[in-house]
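At position 49 of the sequence shown (counting the first as 1) the number is 49 in the working numbering, and the numbers step up by one without a gap. Everything on this sheet refers to the single structure shown next.
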Amino acid sequence: LLPGDYPLRLNREIAAAKNLPVDNINPAFRSESPRPTASLLDVQQPETHLPEIPVPEFPIPKNSLFEIPTPPIPSMAQPHYNSMPAKGHGTAPLFNPSKPRELLRYFTELEFLFASSGVTDDAKKKALGIRYVDYNTSEQWLSISEYQPYDDSQPALPYSYDDWKRAVISLYPGADAATKYSMADLDRIMGEAARTNIKTIGQFADYYRKFYQVSKWLTDSG
């Protein structure tokens with residue numbers, strides 16, 4: 001209620017209590033106080049529309065902190081192989097026919113180069129096997145029946161590289177690991193030491209290393 005309404009409301013309540021008609025109320029109190037036509041809350045404010053500000057889209061730079069790194073995809077490229085060394089090169093295997101015990105080492109170094117160069121064909125392995133030896137040795141190894149000349153047009157060879165390798169090793173007594181040393185080797189080492197008349201500790205150490213190498217193998221081999 002507004003402040004001007006209180007007298008009118010009081011007179012009405014008094015008239016109602018005395019059972020008097022409302023018209024008997026003092027006209028001075030019957031006039032209602034003027035009310036404001038509208039309150040500040042009833043005033044309709046004009047609608048204001050704020051302009052929409054576009055939000056710019058900033059591209060995320062690559063390799064930023066916000067970018068989730070993509071795991072690398074493994075490459076399906078073929079493995080890289082080295083080429084076989086030329087004859088006489090520092091990395092080429094060597095074999096001296098006068099030292100048959102070095103034949104197994106020759107084949108070990110040769111097969112290591114096969115693996116690093118990606119050589120898997122038996123015929124090509126045989127051709128490379130005679131590539132690094134001298135002329136006479138290569139002719140002997142070519143004459144073995146387990147060897148056939150390398151030719152791309154040839155079908156599968158009847159003998160493998162391992163068959164040819166065993167045939168080559170059989171030509172050199174002492175080259176096979178099963179017959180690496182004999183009692184004759186031990187007698188030769190002791191005879192050389194007796195003839196040279198060992199006088200220094202260095203000469204004795206050299207004799208001992210040779211004697212131990214042969215005697216240990218003979219003992220282990222039974």
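All C-beta atoms, glycine included, are put in the ideal place defined by N, C-alpha and C. Remember, predicted model here, so these are calculated numbers, not experimental data.
What three-state label does DSSP hand residue i in the structure shown?
| i | result |
| --- | --- |
| Glu139 | helix |
| Met84 | coil |
| Ser215 | helix |
| Gln203 | helix |
| Lys99 | coil |
| Asp210 | Here residue 210 is Lys; the residue named in the question, Asp, does not match the sequence. Note: Lys210 maps to helix in three-state DSSP. |
| Glu109 | helix |
| Ser116 | helix |
| Gly90 | coil |
| Asp176 | coil |
| Asp220 | helix |
| Ile53 | coil |
| Ser31 | Low confidence applies to Ser31: its pLDDT is 49, below 50, so where it sits in the model is not reliable enough to give any reading. |
| Ser145 | coil |
In whole angstroms, give me the CA-to-CA distance for residue i and residue j.
| i | j | result |
| --- | --- | --- |
| Ser31 | Ile53 | For Ser31, the pLDDT reaches just 49, beneath the cut-off of 50, and the residue's location in the model is therefore unreliable, although a value from the coordinates is still provided. Spanning the two alpha carbons is a distance of roughly 56 Å. |
| Tyr208 | Val119 | 42 Å |
| Lys180 | Thr70 | 58 Å |
| Asp122 | Ala194 | 48 Å |
| Leu94 | Ser182 | 25 Å |
| Asp206 | Thr196 | 12 Å |
| Gly191 | Tyr159 | 44 Å |
| Gly88 | Ser145 | 27 Å |
| Ala167 | Asn96 | 17 Å |
| Ser143 | Leu171 | 12 Å |
| Pro216 | Asp163 | At residue 216 the sequence reads Lys, which differs from the Pro that was named. Roughly 30 Å between the two C-alpha positions. |
| Gly222 | Asn136 | 36 Å |
| Gly129 | Ser98 | 18 Å |
| Lys199 | Leu103 | 34 Å |
| Glu139 | Ile201 | 45 Å |
| Leu110 | Gln203 | 35 Å |
| Phe107 | Lys124 | 14 Å |
| Asp220 | Ala178 | 11 Å |
Between which two residues does the alpha helix (DSSP H) containing residue i stretch?
| i | result |
| --- | --- |
| Val168 | Tyr161 to Ser170 |
| Ile189 | Met183 to Thr196 |
| Gly223 | In the structure as shown, the chain starts at 1 and stops at 222, and residue 223 therefore has no counterpart that could be examined. |
Out of the options, which one is the CA nearest neighbour of residue i?
| i | options | result |
| --- | --- | --- |
| Asn82 | Pro97, Leu104 and Phe112 | Phe112 |
| Tyr161 | Pro173, Trp141, Ala175 and Asp176 | Trp141 |
| Ser116 | Ala178, Pro51 and Thr91 | Thr91 |
| Asp176 | Leu128, Asn136, Lys210 and Arg105 | Arg105 |
| Gln148 | Lys126, Ser221 and Thr200 | Lys126 |
| Arg188 | Ile198, Lys210, Ile201 and Pro173 | Lys210 |
| Ala86 | Arg131, Asn136 and Thr200 | Arg131 |
| Pro100 | Pro51, Glu109, Gly174 and Leu110 | Gly174 |
| Asp185 | Ile169, Phe204, Ile201 and Tyr212 | Tyr212 |
| Phe114 | Met84, Asp134 and Val133 | Met84 |
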